[in-house]
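Basically our numbering = 1-based index in the sequence shown + 308.
Take a look at the structure set out below.
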Amino acid sequence: MVLAKPRRQSFLKLQIARSARLAWRRAGDQRMLPVQLEEVIATCPGARVLMKGQAPSSLAISGVSHDSRVVQDGDLFACIGGKEHDGHEHALGAAKAGAAALLVDRELPVPTPQVVVKNVRSVLGAVSACVYGYPSTVMKVLGVTGTAGKTTVAHALAQALRGCGDEAEVIGTLEGPHTTPEAPELQKALAEMRDRGRRWACLEVSSHGLDYGRVEGTEFAAKLFTNLSPDHLDFHGDMENYFRAKRRLFERDAGVSVISVADEWGSRLAQELQVKDPASLVTVDPTEILNTHLTASGSSFTWRERPIRSQLLGQFNVVNLQLVAETLRALDIDSDLIADALQKVAPIRGRMQPVASQGSDISVVVDYSHKPEALRQALNVSRTFTNQRVWVVFGAGGDRDKSKRPIMGRIASDLADEVIVTSDNPRSEEPAEIASEIVAGAHGGRVTPRVILDRADAIEQAIMEAAPGDLVLVAGKGHEAFQVVGIERRPFDDAKISEKALSYRDGTQ
């Protein structure tokens, strides 16, 4: 294999090439055209190129993949190193599957053109954006980060934009296995949205996604911050590192920053951004929302002198909708249009989702609250919906942050009247051990939890034992349609299990 230095293109020539691709996209051509490897190399400062009798200008790249199982002809295969797998070990398989070139951090004994960089992850976002035609420069991308509320805010943004007459879609927790997809999947998804004629993309941006560089190469029209509370501390170590990860989204120069100052972390972020770039900062203060009234069927409030009635449940969703409204206003959408669109935002699947059963004498709500603060909020909201008892059925995910388990146990014990601890997604851990760590936190609390490890049994027992007027909160899994036990993903849907139990209770099945 011969070491070939990439031909030096002037900065002007590269900009002309990029501008030509963007002009082609704006002209409305819907085809996904390949790019030359030469153009890809230009996004990788300091890269070495290993070719065999070819010039970078002669090799076409039609896609990017980091999973050798889904490589297609013409792809650039990115060899990402990880804790459990190293993509370099699958390079030969990717080449045999049709990869046109490899993106690597060391030379490999594989007879395929290789682009050698210092760190594959650090360039993967820019590379992917290049290959897929820089979709975020044609669309408007709204990035939402924070501990809680990302999914609701992203979906509410998209629904509100559609209500204002625009085309918008969401990339996030409900749409795939990762909150924020790896850069190749993200850029491909954005390109497909662009080619479907969408003008807006609403993207959930996780701290993992930011730390791993998954949104590099993406230009944001707006960047939103919801809140910050303890989560993923097994990954970040402490709250300061967690905050720094979230802050990375706002260190980009382009786009407006819309920051909820509902907690100390949002206030701190807003203060830091005020010093850096006050002109592009919008702060959102929940105390400016007036006349809030919460019911079991939704909420009403006043935003900028405009009355709003919403189907979303709970005070925290009023705050979420305020963040949505202020973001759209910052993007020059008419406030009257925004107010009308907010009233049409439908409940988000698995987020304080009522489970309906005609004529039932109890209420059941399914929620994704798998973090301490989210569980606290869900229980507090549930309390406002009934004068009777509040039940909670929940667990904690295995192979995830263990520090939150006793905290969630104490929150449930203090705020619910009946607590059943069960399995969530135990993964490689023993469900009984996870449950014991949750129960340990409840010691000295108001309620002593019961443990029913079978999640279906736990849900059914709570619903069957509940007295008329009681409310049962099924927390932790929300929209998920599976349960991860070991390495197996078993079909499981909290809402469907709850509906079935309600039908038995009500005698309709």
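Quick reminder that beta carbons are idealized off the backbone N, C-alpha and C, glycines included.
Could you give the distance in angstroms between the alpha-carbon of aspartate 585 and the alpha-carbon of alanine 562?
10 Å
The beta strand (DSSP E) that contains isoleucine 728, what's its start and end?
726 to 729
For alanine 476, three-class secondary structure by DSSP
strand
Three or more C-beta pairs closer than 8 Å, one from the segment 743 to 759 and one from the segment 669 to 688: is that the case here?
At 8 Å Cβ cutoff, the stretches do not touch.
Considering just the uninterrupted stretch of the alpha helix (DSSP H) at histidine 398, what are its terminal residues?
Element bounds for histidine 398: n/a, residue is neither H nor E.
Give me the Cβ distance between leucine 410 and threonine 420, rounded to the nearest whole Å; I'm assuming they're in contact under 8 Å.
6 Å
By Cβ distance, which residues of its chain are closer than 8 Å to alanine 335, with the 5 residues on each side in sequence left out?
With a pLDDT of only 39 at alanine 335, under 50, the local geometry of the prediction cannot be trusted, and the value read off the model is given with reservation. Closer than 8 Å at Cβ, skipping near neighbours: no residue.
Buried or exposed: where does lysine 391 fall if 16 or more other Cβ atoms within 10 Å of its Cβ makes it buried?
exposed
Do threonine 481 and valine 513 have their beta-carbon atoms positioned less than 7 Å apart in this structure?
no
With 16 other CB atoms within 10 Å as the buried threshold, where does threonine 534 fall?
buried
Roughly how many angstroms lie between the CA atoms of leucine 416 and glycine 749, to the nearest whole one?
51 Å
If you draw a straight line from the alpha carbon of glutamate 304 to that of glutamate 768, how long is it in whole angstroms?
The chain is shown only over 309 to 817; residue 304 falls outside these bounds and no answer can be derived.
Contact belief for glycine 653 with glutamine 619 at Cβ below 8 Å, rounded distance in angstroms
In the sequence under discussion, the amino acid at residue 653 is valine, which differs from the glycine named in the question. Contact between valine 653 and glutamine 619 holds, with the beta-carbon distance rounding to 7 Å and staying under 8 Å.
Between the Cα of alanine 570 and the Cα atoms of Phe558, Pro615, Arg637 and Thr455, which residue gives the shortest distance?
Thr455
Using the beta-carbon count (16 or more within 10 Å), is methionine 772 buried or exposed?
exposed
Looking at the secondary structure, which residues open and close the beta strand (DSSP E) in which alanine 409 lies?
Counting along the chain, the beta strand (DSSP E) containing alanine 409 begins and ends at 409 to 412.
By how many angstroms is the C-alpha of serine 668 removed from the C-alpha of tyrosine 812?
Between the alpha carbons of tyrosine 812 and serine 668 lies a distance of about 11 Å.
Residues of its chain near histidine 787, where Cβ-Cβ distance is below 6 Å and the 5 sequence neighbours each way are ignored
Leu482, Arg657 and Gly658
Tell me which same chain residues have a C-beta within less than 8 Å of the C-beta of arginine 414, skipping the five on either side of it?
His396 and Val424
Thinking just about the alpha-carbon of each residue, which of Ala476, Val523 and Phe609 is nearest to the one in aspartate 503?
Ala476
So is threonine 595 buried or exposed if we call it buried at 16+ other beta carbons inside 10 Å?
Burial call: exposed.
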